[in-house]
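Peer 1: Each step along the sequence shown adds one to the number in our numbering, with nothing skipped, and position 87 is 116.
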Amino acid sequence: MKHFSKQPRPFKSHAARQRLRQGGYTIVEVIAVIAIIGFLVIISMPAIKGIFVQARVGPASAELQRFMTATRLLGEGDSVTPYAAISNTSNLAPAMSESSVFKVNGATVAHRLGGSGAGSNGTITIGPVALGGGAAGSGFGLTLTNVNHRACPGLATTLNSVSETISVNGTAAKTLGANNEPGSFNAVTAQDLCVKGDNNTFVFATR
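Written out as structure tokens, the structure reads:
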């Protein structure tokens with residue numbers, strides 16, 4: 030009588046793997062897909078941020094335009110330095126406290142056009158300036174730090190109508206004329222003065 034030994038049936042494990050594959054993705058495939066998605070997200074983040082910045086430029090410019098116009102009206106009077114005591118604590122932060130565009134935390138006003146919005150990074154600061162031969166406080170200036178290049182030159186173009194002088198990264202984009210009248214503004218010049226990233230500082234001054 031012959032005895033037949035049972036042979037191993039390796040095809041079972043292969044069949045099991047096949048069934049597993051037919052039922053869904055393998056772990057290796059899932060990891061590969063996650064890695065690809067992560068890579069795509071990382072390389073697209075600057076573009077996504079740029080879209081958000083561009084969308085905020087219009088509302089931010091309009092809000093600052095209204096504020097500067099109202100502040101100029103409040104400064105009309107007999108004093109030659111009506112803005113000598115102007116500050117974030119007393120003026121800018123209270124005016125923007127209910128803004129849906131800017132983020133206010135104490136005396137810090139974040140413009141949300143770049144930067145972190147903390148300390149002096151990505152924030153708006155107001156202070157007295159000297160304009161047209163006057164003393165400090167004859168005018169006031171708004172300084173926006175760490176503005177993303179996607180906000181150039183739209184921000185400056187909009188605020189041109191309420192600013193007598195404009196500087197971008199320390200270089201004048203608009204100056205007073207020979208008789209202290211507002212000079213001309215060139216959007217192309219403002220664009221050329223901007224650098225890539227959240228590395229731009231704007232100063233808008235008026236009386």
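Beta carbons: idealized from backbone N, C-alpha and C, even for Gly.
Tell me the rounded alpha-carbon separation between Glu92 and Val130.
Peer 2: Glu92 and Val130: Cα-Cα distance of roughly 8 Å.
Peer 1: Just to confirm before moving on: does the CB-CB distance between Gln83 and Thr187 stay below 8 Å?
Peer 2: No.
Peer 1: Go ahead and label Leu23 buried or exposed: buried means 16 or more other beta carbons lie within 10 angstroms of its beta carbon, across all protein chains shown.
Peer 2: Here the chain has residues from 30 to 236 only, and residue 23 is not among them.
Peer 1: How is Ala234 classed by DSSP in three states: helix, strand or coil?
Peer 2: If DSSP states are grouped into helix, strand and coil, Ala234 belongs with the strands.
Peer 1: Can you grab the Cα-Cα spacing for the pair Thr200 / Ala164, in whole Å?
Peer 2: Going from the Cα of Thr200 to the Cα of Ala164 covers about 21 Å.
Peer 1: Using CA coordinates, which residue listed in Ala202, Arg236, Leu160, Val176 is at the minimum distance from Arg85?
Peer 2: When each option's Cα is compared against that of Arg85, the closest is Val176.
Peer 1: Please return the same chain residues whose Cβ sits closer than 6 Å to the Cβ of Leu151, not counting the five positions on each side in sequence.
Peer 2: Looking at the sequence provided, one finds Gly at residue 151 rather than Leu. Within the same chain, Gly151 has close Cβ partners Ala139, Gly143, Gly144, Ser145, Asn175.
Peer 1: Is Thr186 helix, strand or coil by DSSP?
Peer 2: The answer is helix: DSSP assigns Thr186 an H, G or I state.
Peer 1: Assign Phe40 to one of two classes, buried (16 or more other C-beta atoms within 10 Å of its C-beta) or exposed (fewer than that).
Peer 2: Since pLDDT at Phe40 reaches only 47, below the 50 mark, its modelled position is unreliable, and the value read off the structure follows with that caveat. So Phe40 ends up on the exposed side.
Peer 1: Which of helix, strand or coil does DSSP assign to Ala191?
Peer 2: Residue identity check: residue 191 is Val in the sequence provided, not Ala. Correct three-state label for Val191: helix.
Peer 1: Mark Ser126 as exposed unless 16 or more other C-beta atoms lie within 10 angstroms of its C-beta, in which case mark it buried.
Peer 2: Classification of Ser126: exposed, given that the 10 Å Cβ count is below 16.
Peer 1: Please confirm whether Ser192 and Thr110 have their CB atoms less than 8 Å apart.
Peer 2: Cβ distance not < 8 Å, so Ser192 and Thr110 don't count as in contact.
Peer 1: Kindly indicate the opening and closing residues of the alpha helix (DSSP H) around Thr218.
Peer 2: First-last of the alpha helix (DSSP H) with Thr218: 216 to 222.
Peer 1: Verify whether the separation of the beta carbon atoms of Thr230 and Thr172 is less than 8 Å.
Peer 2: For Thr230 and Thr172, yes; Cβs fall inside 8 Å.
Peer 1: With DSSP as the reference, label Thr174 as helix, strand or coil.
Peer 2: If DSSP states are grouped into helix, strand and coil, Thr174 belongs with the strands.
Peer 1: With DSSP as the reference, please indicate the residues paired to Asn150 in a beta bridge.
Peer 2: In the DSSP output, where bridge partners are listed per residue, Asn150 has Ala147.
Peer 1: In chain order, which beta strand (DSSP E) runs of at least 3 residues are fully inside the stretch 103 to 140?
Peer 2: Within the stretch 103 to 140, the complete beta strand (DSSP E) runs of at least 3 residues are 132 to 134, 137 to 139.
Peer 1: Which stretch, first to last residue, makes up the beta strand (DSSP E) that contains Lys203?
Peer 2: First-last of the beta strand (DSSP E) with Lys203: 200 to 203.
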